[in-house]
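Protein sequences appear in the order of chains V and U.
Numbering of the first sequence is given in this note's numbering, commencing with residue 256 and proceeding in unit increments.
Numbering of the second sequence is given in this note's numbering, commencing with residue 46 and proceeding in unit increments.
Just so it is clear, CB atoms sit at the ideal spot from N, CA and C, and this is done for glycine as well.
Quick caveat, the model's predicted, so the values are computed rather than measured.
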Amino acid sequence: MNVRRLLDRESVLAPLLLLPVVLYVVLFIGFPFVMSFVYSISNVTVGNPDFRVTGLGNFREILADKVFQKSLLNTFIFTFVSVGLVLVFAHALAEILIRDFRGKWLVRFLIMLPWTAPIALGSIGFLWFLDSLFSPLDWLLRAVGLLGKPGALFGPMSNLYWFGRPDLAMAAVIGVHVWRLLPLATVILIAGLNSIPKEITEAAQMDGAGYFRRLFQINLPLLFPVIGVSILFATFFTFTDMTVVWVLTKGGPPPHSTQVLASLAFLKGIQGGDLAQGAAVALFFFPVLAGIAAIVLRLVKKAVVI
Amino acid sequence: MLKKILSKAGFCGGLAFFIVFSASPFYIMLITMFKKSHDLFNPTNNPFILNEPFTAEHVKLLFTQTLYTTFLLNTLYVGVAVVLITVALSVPAAFSLARIAGRWGENLGIGIFLTYLIPPTLLFIPLSRIISVLGLQNSLWSLVLVYPTFTVPFCTWLLMSFIKSIPREIEEQALIDGCSRLGALVKVILPLSVPGIITIIVFAFTLVANEYIYALAFIQDSAKKTIGIGLTTELVRGDVFYWGALMGGALIASIPVALLYTFFLDRIISGLAMGTVRR
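In structure tokens form, the structure reads like this:
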């Protein structure tokens, strides 16, 4: 049979065009994904390539590990606090950016920078911004009298030593996550706000509904799916991230004050060479990711695909 | 009248707050890269302005004494290679999913999108083993091979929704005029998909410039590093931070990526929001 004729049949053409992607995804996403489960119940290390299934020992060991418990707790704290703050800020910012004004493209470019610029590079900026001696933020606090004088709000020392104190290091990591995710959530919310028909808002205004009444009874209910999407993605990006923590603190200050699951998996699996334990730590992402995937799946099935 | 002024003041205040919040780290980078070291390392000097005449010494150090240009070029090479692979894989698949494959195609499309939700931080341990079995540690090829794991699923999805928005009638007309099924795809749908394809090219490239974890796990050799890990590991020697050069390096690499991304921002994010947000 003629090749051209064969290619004209949809039952041949469709799988043929899909084959490369499916092969790649199975080999480089599916296979390693399965392997991370297999590794987690084995004794595999970088130095010891022979491979024995050892059962749930790795999980028992890490669950009893104080460092792991701290990392798990930190991961959840960072995610919840960051996502909460992002939502509040994003709503305010979306209300501002939805208006028309002169120079909007420049304002938009500046405000989107934390999301559009590579996050490792943005985090480098914060290394200096929160430096132990030369921090511009500390300088500003000193200049307005909140730091470096007896009785000042942030204490009499000349610096806050952001990455030297557990509470401040955690605040810094959360701050950078909020900084980074704000533009993403804002753009999603703006698209949602734009899709609310103007007539509804106007009718409510005519009927005398004030700002907060409109916010809670019109905007928020109508924005619900869009807010859901921002929560999902903000959660996903914070929960699984290790770049911010790695660049800012490497999990420090000791003992593991800002360690998260991802950075702990890296420490154990790559730097320590214990692939099995590293994989077991990383697998703790799985329940949350499966939850996100299930919600995404429902949203996709319902959504009008553009 | 008073209400109007108050609302205007609130608007301007809010706008100013968010601009300062978002852009100040980049502003600090800009100032720091041109500051004289003498000015920079005096904690009583105002860090937000140049207290002494500007200097290009840090920028010169960055480009002549460090591997900065190598990092940039490495990122560029990997970026171009990954973009090519992504386009080669995603374009045919998106055509097929959007136009030919019916119900099962839709499910497969969703399946491919869902693999985007398996993060690098879950895959990097098994992948590091695969890379070492293939003998690709310390090679840029390891990144070229692995980066499509996060570009392909999303780009296929994005392009699929884009092609779905092209009216079917145009293609049907071509079929009536005697085009073959593949011919109609190549001659009619492909030219109309160019904006979508440009979007995935830009997006894949910015994702490569953003990537940190795989590069950190696979590359140890200084001359093979990409921009993110290169800056954070090579410009800090022992306890000495080359602050001026570090800030300059971060800023110079950020701006082109950010400009590219901003241009396609709405389209990329509406893809991310999976159609719950209309363009």
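Quiz item: Residues in the region 352-368 of chain V with C-beta within 9 Å of chain U's C-beta atoms, listed in sequence order?
Solution: Per Cβ criterion, the list reads L352, R354, F356, W360, V362, R363, F364, L365, I366, M367, L368.
Quiz item: Using a Cβ cut-off of 7 Å, which residues of the region 287-307 of chain V contact any Cβ in chain U, in chain order?
Solution: For the region 287-307 of chain V, the residues whose beta carbon sits under 7 Å from a beta carbon of chain U are, in order, P287, F288, M290, S291, Y294.
Practice problem: Determine the extent of the alpha helix (DSSP H) in which U/P198 is found, giving its start and end residues. | Solution: Start and end: 193-209.
Self-check item: Buried versus exposed, by CB contacts within 10 Å (16 or more), U/T200
Solution: Sequence check: residue 200 of chain U is Cys here, not Thr. Buried, by the Cβ-count rule.
Self-check item: Close Cβ partners of U/I145 (< 8 Å) along its chain, the five nearest in sequence each way excluded
Solution: Excluding residues within five positions, the ones whose Cβ falls inside 8 Å are R226.
Practice problem: Excluding the 5 residues preceding and the 5 following V/V560 in the sequence, name in chain order all residues of the same chain whose CB lies nearer than 8 Å to its CB. | Solution: Its pLDDT being 40, under 50, V/V560 is placed unreliably by the model, and nothing is read from it.
Quiz item: Any C-beta of chain V sitting closer than 9 Å to the C-beta of U/I50?
Solution: Output row for U/I50: interface = no.
Practice problem: Leaving out five residues on either side along the sequence, give the residues of the same chain with a beta carbon under 6 Å from the beta carbon of U/G223. | Solution: The beta carbon of U/G223 lies closer than 6 Å to none in the same chain, with the five residues before and after it left out.
Exercise. State yes or no: is the beta carbon of U/V127 nearer than 9 Å to at least one beta carbon in chain V?
Key: No - not a single Cβ of chain V is within 9 Å of the one on U/V127.
Exercise. Identify which residue in U/L310, U/I313, U/V281 has its Cα closest to the Cα of V/L382.
Key: Scanning U/L310, U/I313, U/V281 for the CA closest to the CA of V/L382 turns up U/V281.
Self-check item: Test item: CB-CB of V/L415 and V/L408 under 9 Å
Solution: Not closer than 9 Å, so no.
Quiz prompt | Any C-beta of chain U under 9 Å from that of V/E265 | solution = Contact with chain U is found for V/E265, since one of that chain's Cβ atoms lies less than 9 Å from the residue's Cβ.
Quiz prompt | Closer than 9 Å to chain V by CB, U/T201 | solution = Yes - at least one Cβ of chain V is within 9 Å of the one on U/T201.
Quiz item: Going along the region 488-505 of chain V in order, which residues come within less than 8 Å of chain U, judged by CB to CB distance?
Solution: Across the region 488-505 of chain V, CB contacts with chain U closer than 8 Å involve F488, F491, T495, D496, M497, T498, W501, V502, in sequence order along the chain.
Practice problem: Note down the Cα distance separating V/A271 from V/V280, rounded to an integer number of angstroms. | Solution: Just to set this straight, residue 271 of chain V is Leu in the shown sequence, not Ala. When the Cα atoms are used, V/L271 and V/V280 turn out to be separated by approximately 15 Å.
Quiz item: Under a three-way DSSP split, which group does U/F140 fall into?
Solution: For U/F140, the three-state secondary structure derived from DSSP is helix.
Quiz item: List, in order along the chain, the chain V residues whose C-beta lies closer than 8 Å to that of U/M292?
Solution: At a beta-carbon threshold of 8 Å, the residues of chain V lying near U/M292 are I379, G380, W383, ordered along the chain.
Practice problem: Express the C-alpha separation of V/P411 and U/T321 in angstroms, rounding to a whole number. | Solution: Any reading at U/T321 needs caution, since the residue's pLDDT is 48, under 50, leaving its predicted position unreliable; the model's value is listed next. Going by the C-alpha atoms only, they are around 51 Å apart.
Quiz item: If you measure beta-carbon to beta-carbon, which residues of the region 238-258 of chain U are closer than 8 Å to chain V?
Solution: If you check each beta-carbon in the region 238-258 of chain U against every beta-carbon of chain V, the ones closer than 8 Å belong to T251, A254, N255, Y257, I258.
Self-check item: Proximal residues to V/T309 (C-beta, below 7 Å), its chain only, five neighbours per side dropped
Solution: If we look at V/T309 and ignore the five residues flanking it on each side, its Cβ neighbours are I296, S297, N298.
Quiz prompt | Straight-line Cα distance separating V/G524 from V/F331 | solution = Those two C-alpha atoms are separated by around 21 Å.
Quiz item: Would the region 71-82 of chain U and the region 257-274 of chain U be scored as touching if the rule is three or more Cβ pairs under 8 Å?
Solution: The region 71-82 of chain U makes no contact with the region 257-274 of chain U: fewer than 3 CB pairs, one atom from each, lie closer than 8 Å.
Quiz item: V/S291 by DSSP, collapsed to three states: which one?
Solution: Taken through DSSP and simplified to helix, strand or coil, V/S291 comes out as helix.
Quiz item: Are there 16 or more other CB atoms within 10 angstroms of the CB of U/F63, so buried, or fewer, so exposed?
Solution: With 16 or more other Cβ atoms inside 10 Å of its own Cβ, U/F63 counts as buried.
Quiz item: Less than 9 Å separating the beta-carbons of U/S155 and V/V433?
Solution: One point to set straight first is that residue 155 of chain U is Ile, not Ser, in the sequence displayed. No.
Quiz item: For the region 130-144 of chain U, which residues have a beta carbon sitting closer than 8 Å to at least one beta carbon of chain V?
Solution: Only those residues of the region 130-144 of chain U whose C-beta falls short of 8 Å from the nearest C-beta of chain V are listed: A133, L134, S135, P137, A138, F140, S141, L142.
Quiz item: When the distance is taken between beta carbons, is V/G380 closer than 9 Å to U/A295?
Solution: Result yes, Cβ atoms of U/A295 and V/G380 sit closer than 9 Å.
Quiz item: Taking three-plus beta-carbon pairs below 8 Å as touching, is the region 345-354 of chain V in contact with the region 433-449 of chain V?
Solution: Touching, yes, given that three or more Cβ pairs across the two stretches are closer than 8 Å.
Quiz item: Which of the three DSSP states, helix, strand or coil, is assigned to V/R420?
Solution: It is coil, neither helix nor strand.
Quiz item: At least one CB of chain U closer than 9 Å to the CB of V/S413: is that the case?
Solution: Chain U places a beta carbon closer than 9 Å to that of V/S413, counting this residue as a contact.
Self-check item: Cβ separation of V/T513 and V/I374, assumed to be a contact under 8 Å, to the nearest whole Å
Solution: Contact doesn't hold; Cβ gap of about 16 Å is too wide.
Self-check item: Members of the region 267-287 of chain V near chain U, C-beta cut-off 7 Å
Solution: Cβ contacts with chain U come from L268, A269, L272, L273, P275, V276, Y279, V280, F283, I284, P287.
Quiz prompt | Segments of 3+ residues assigned as beta strand (DSSP E) that fall wholly inside the region 240-296 of chain U | solution = Segments of the beta strand (DSSP E) lying fully in the region 240-296 of chain U: there are none.
Quiz item: Cβ of V/F335 less than 9 Å from any chain U Cβ?
Solution: Not one chain U Cβ lies under 9 Å of V/F335.
Quiz item: Shortest alpha-carbon distance to U/P164 belongs to which of V/L268, V/F288, V/V341, V/R315?
Solution: Ranking V/L268, V/F288, V/V341, V/R315 by Cα distance to U/P164 puts V/F288 first.
Practice problem: Excluding the 5 residues preceding and the 5 following U/R324 in the sequence, name in chain order all residues of the same chain whose CB lies nearer than 6 Å to its CB. | Solution: Low confidence applies to U/R324: its pLDDT is 38, below 50, so where it sits in the model is not reliable, and the reading given next is rough at best. The residues S315, in chain order, have a CB closer than 6 Å to that of U/R324 in the same chain once the five nearest residues on each side in sequence are set aside.
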